[in-house]
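Chains as they are written, first to last, in my numbering: chain D, 34 to 258; chain C, 34 to 258.
Protein chains: 2
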Amino acid sequence: MAKIKTIDVNMGIFEMNDRCAEEVRQYNRANKTLMINMMASPGSGKTTTLLRTIRTLKESFGSACRIGVMEADIEASVDAQKMADAGVRTIQIHTGGECCMDASMTMQALREFKTDDLDLLFMENVGNLVCTAEQDTGADLNVEILSIPEGDDKPLKYPLMFRVCQAVLVNKIDTRQYFDFNDELFVSRVKELNPSARIFFLSAKTGEGFQAWTDWIKENLSERT
Amino acid sequence: MAKIKTIDVNMGIFEMNDRCAEEVRQYNRANKTLMINMMASPGSGKTTTLLRTIRTLKESFGSACRIGVMEADIEASVDAQKMADAGVRTIQIHTGGECCMDASMTMQALREFKTDDLDLLFMENVGNLVCTAEQDTGADLNVEILSIPEGDDKPLKYPLMFRVCQAVLVNKIDTRQYFDFNDELFVSRVKELNPSARIFFLSAKTGEGFQAWTDWIKENLSERT
Chain D
34 MAKIKTIDVN MGIFEMNDRC AEEVRQYNRA NKTLMINMMA SPGSGKTTTL LRTIRTLKES
94 FGSACRIGVM EADIEASVDA QKMADAGVRT IQIHTGGECC MDASMTMQAL REFKTDDLDL
154 LFMENVGNLV CTAEQDTGAD LNVEILSIPE GDDKPLKYPL MFRVCQAVLV NKIDTRQYFD
214 FNDELFVSRV KELNPSARIF FLSAKTGEGF QAWTDWIKEN LSERT
Chain C
34 MAKIKTIDVN MGIFEMNDRC AEEVRQYNRA NKTLMINMMA SPGSGKTTTL LRTIRTLKES
94 FGSACRIGVM EADIEASVDA QKMADAGVRT IQIHTGGECC MDASMTMQAL REFKTDDLDL
154 LFMENVGNLV CTAEQDTGAD LNVEILSIPE GDDKPLKYPL MFRVCQAVLV NKIDTRQYFD
214 FNDELFVSRV KELNPSARIF FLSAKTGEGF QAWTDWIKEN LSERT
C-alpha cells in the first residue's frame, strides 16, 4: 500500500474562522492553486467521484495539471489510502471528532501539505450535510455531491448546503430506475435556493456526465491562472 | 393536509447535557414511555422506515400501543407532514441550525408534546452520522439506520455512531444487486466496535425484515411495562 501522510488537527476554536478563510484564499491565490471543497452525506460517493474526476482531468491535461487531495475524516484513513493507492498526491486530515473542516484546520493542512506547487486542490470534507455547510473553509469553490438514492427532497431539508455551493453533482444516476428521484423537481428546488448553482447529473461508476463536470472545473482553472 | 404542531428549540447550551439526559430518562420511566432515538445520514430512509415500523406495530398491537413521533429537523417540516398525513401523532422540532438534538431540547419537546400517555416514542433525529452520536438525548435506545447504497465501510469512518447504538438497521436491501455491499464484512466491522449491537437487514419499501426488527422493539416494550 502506498504511504500516506497523516496530521491531526483539532484546534476547537471557530471564532477566527472568517479571517482565517480569507487567509486561505490569499494563500491559494498567491500560489495559483484552485481549491475545491467537496461536501456530501456519508455514502454519496465522494471518494469514487473524486477519483474519477482526477482520472478524467489527467486524461485531458496529462502532467500539465498538478492535482492534490486533502482527505478530512474524523479518525479513519480509508479514503486517503484509496487516493494514494491510485497514485494521487494525498494528505489525511484527522479532525479529532470535529464534524467538519474549518478555515484554521485548512490553513494548517495547506502548510503541512506544501500545496504551493499545486494547480488544483480538492478537499474531501467530512461526510455531513449540516456542519460542513456552516463553516467557510476558505475554498474557492464549494461543491456538493448528492446521490440518487438519497432522494430529491434534500434541498428542502438541508437548504444551507445548497445555498453555499457553486455546483451540485447528482451522483449514481446509473441507479435511477430503482429510486423515485424527480430530476425536474430537484433542479427547481435547488434553483429556488441558489439560482446560479450549476447542476451536473453523473455516475462515478459508469463515467456518464463527467465531461461536463470536468469542463466546468477547467473553466474555473483557466480563470485562476 | 393534517395539521402538525411545530415548536422551535435552540437553547445553544450543551454543558448540562448529561444531567438533562438523566432527567429525560426519569421522565419517560415515570410515564412508562419507551423512547427510541433514530439516527442516520440524510437519505437513508429514516421517515419511510419509521412509517412502516409504526404500521407493523399497529397491525400487531392495534390501539393497545400508543405511539408518537418527534421529528427533529433544522428548519423543514416535510417529514412531520408525512407522519401526520399517515395518522401518526407527531410533533415537529426545529433545531434552528443545530446539527442534532441534545437532551435539553428533548426535554422541552417531551413537555410540549405531552408524551405522558405514550407507550412508545420515536425521535427522528437530524440527518447526520457525526454530531447526533455525540449527544445523549436521554433516549432509552439508540438505533442507527444505514442504507445499502451508503456502503459497508461506514463503521470504519463513523465509529462512534456504531458504538452508541443498541441496534443497527441496514435498509434498502431490495437494492442489493446494484451496489457492492458485503454483509459479512459489515457485520464484523460493527461487532468489532460494539459486540452486543443487534443488526437487522430490512427494506422499508418491501417490508422484508420488519418482523424481526419490530419483535425487538416489542421485547424492549415488554421490559418497560
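No residue lacks a Cβ here, since even glycine has one placed at the ideal position from N, Cα and C.
Among the options, the one whose alpha carbon lies nearest that of residue i
i	options	result
D/PHE243	D/GLY160, D/SER93 and D/ARG52	D/SER93
D/THR139	D/ASP173, D/ALA117 and D/ASP112	D/ASP173
C/ASP112	D/GLU131, D/TYR191 and D/LYS79	D/TYR191
C/SER221	C/LEU154, C/LEU189 and C/GLN199	C/LEU189
C/ASP213	C/CYS198, C/ASP185, C/LEU235 and C/VAL197	C/ASP185
C/LEU254	C/PHE234, C/GLN210 and C/PHE155	C/PHE155
D/GLU217	D/PHE234, D/ASP207, D/GLY76 and D/ARG58	D/PHE234
D/LEU143	D/CYS132, D/ALA237, D/GLN168 and D/ASN61	D/ASN61
C/PRO75	D/THR82, D/GLU183 and D/LYS205	D/GLU183
C/LYS187	D/ARG257, D/GLU108 and D/SER137	D/GLU108
C/ALA119	C/THR208, C/GLY101, C/ILE206 and C/THR128	C/GLY101
D/ARG257	D/GLN59, D/ARG52 and D/CYS198	D/GLN59
C/GLY78	C/VAL57, C/THR208 and C/ASN215	C/THR208
C/GLY160	C/THR148, C/ASP150, C/LEU179 and C/ASP149	C/LEU179
D/LYS147	D/GLU241, D/GLY95, D/VAL57 and D/HIS127	D/VAL57
C/VAL121	C/THR80, C/THR239, C/GLN210 and C/ASN215	C/THR80
D/LYS251	D/ASP51, D/ASN50, D/LYS91 and D/ARG52	D/LYS91
D/GLN141	D/LYS115, D/CYS198, D/ASN50 and D/GLU241	D/ASN50
C/ALA343	C/ASP150, C/GLY95, C/LYS115 and C/ARG52	It is not possible to answer for residue 343 of chain C, since the shown part of chain C is limited to 34 through 258.
D/CYS164	C/CYS198, C/GLY129 and C/ASN175	C/GLY129
Contact with chain C by residue i, beta-carbon distance below 8 Å
i	result
D/ASN204	no
D/GLU183	yes
D/SER236	no
D/GLY242	no
D/CYS60	Before going on, a small fix: residue 60 of chain D reads as Tyr here, not Cys. Judged by the 8 Å Cβ criterion, D/TYR60 is not in contact with chain C.
D/CYS53	no
D/VAL197	no
D/THR208	yes
D/VAL201	no
D/VAL111	yes
D/PRO228	no
6 Å CB neighbourhood of residue i in its chain, flanking five on each side removed
i	result
C/MET134	ALA105, ASN158 and THR170
C/ASP152	CYS98 and ARG99
D/ALA54	ALA136, ASP169 and GLY171
C/LYS115	THR80
Own chain partners of residue i with C-beta closer than 7 Å, once the 5 adjacent residues on each side are dropped
i	result
D/GLU194	Before going on, a small fix: residue 194 of chain D reads as Met here, not Glu. So the qualifying residues of the chain are MET72, LEU162, ALA166 and GLU177.
C/LEU196	Before going on, a small fix: residue 196 of chain C reads as Arg here, not Leu. Around C/ARG196: LEU226 and ASN227.
C/ILE232	VAL201, VAL203, VAL220 and VAL223
D/ALA237	GLY78, THR81, THR82, ARG85 and ASN204
C/THR239	ASP207
Proximal residues of chain B, C-beta to C-beta of residue i below 7 Å
i	result
C/ASN161	Among the chains of the structure shown, chain B does not appear; the protein chains present are D and C.
CB contact below 8 Å: residue i versus chain D
i	result
C/ASN216	The question names Asn, but residue 216 of chain C is Asp in the sequence shown. Chain D contact via Cβ: absent.
C/GLU108	yes
C/GLY76	yes
C/ASP186	yes
C/CYS132	yes
C/SER96	no
C/LEU189	yes
C/SER180	yes
Same chain only: Cβ atoms within 8 Å of residue i, ignoring 5 sequence neighbours per side
i	result
C/GLY45	Only weak support exists for where C/GLY45 lies, its pLDDT of 37 falling under 50; the value from the coordinates is given anyway. GLU131, listed in sequence order.
C/ILE181	VAL203, ASN204, LYS205, ILE206, THR208, ARG209, PHE212 and PHE214
C/GLN199	LEU174, ASN175, VAL176, SER229, ALA230 and ARG231
Original post:
Three or more beta-carbon pairs under 8 Å between the stretch 57 to 68 of chain C and the stretch 225 to 235 of chain C, yes or no?
Top reply: no
Original post:
Would the stretch 240 to 254 of chain C and the stretch 74 to 88 of chain C be scored as touching if the rule is three or more Cβ pairs under 8 Å?
Top reply: yes
Subject >> alpha helix (DSSP H) segments (min. 4 residues) lying fully within the stretch 91 to 177 of chain D >> reply: 111 to 118, 136 to 146 and 164 to 167
Original post:
Which parts of the stretch 228 to 257 of chain D are runs of the beta strand (DSSP E), unbroken and 3 residues or longer, counting only runs that do not cross its ends?
Top reply: 231 to 234
**OP:** Quick one: which unbroken alpha helix (DSSP H) runs of 4-plus residues sit fully inside the stretch 173 to 231 of chain C? Chain order, please.
**Re:** 187 to 190, 192 to 197 and 216 to 226
Original post:
Which ranges does the alpha helix (DSSP H) cover as unbroken runs of at least 4 residues, wholly within the stretch 48 to 89 of chain C, from first to last along the chain?
Top reply: 50 to 63
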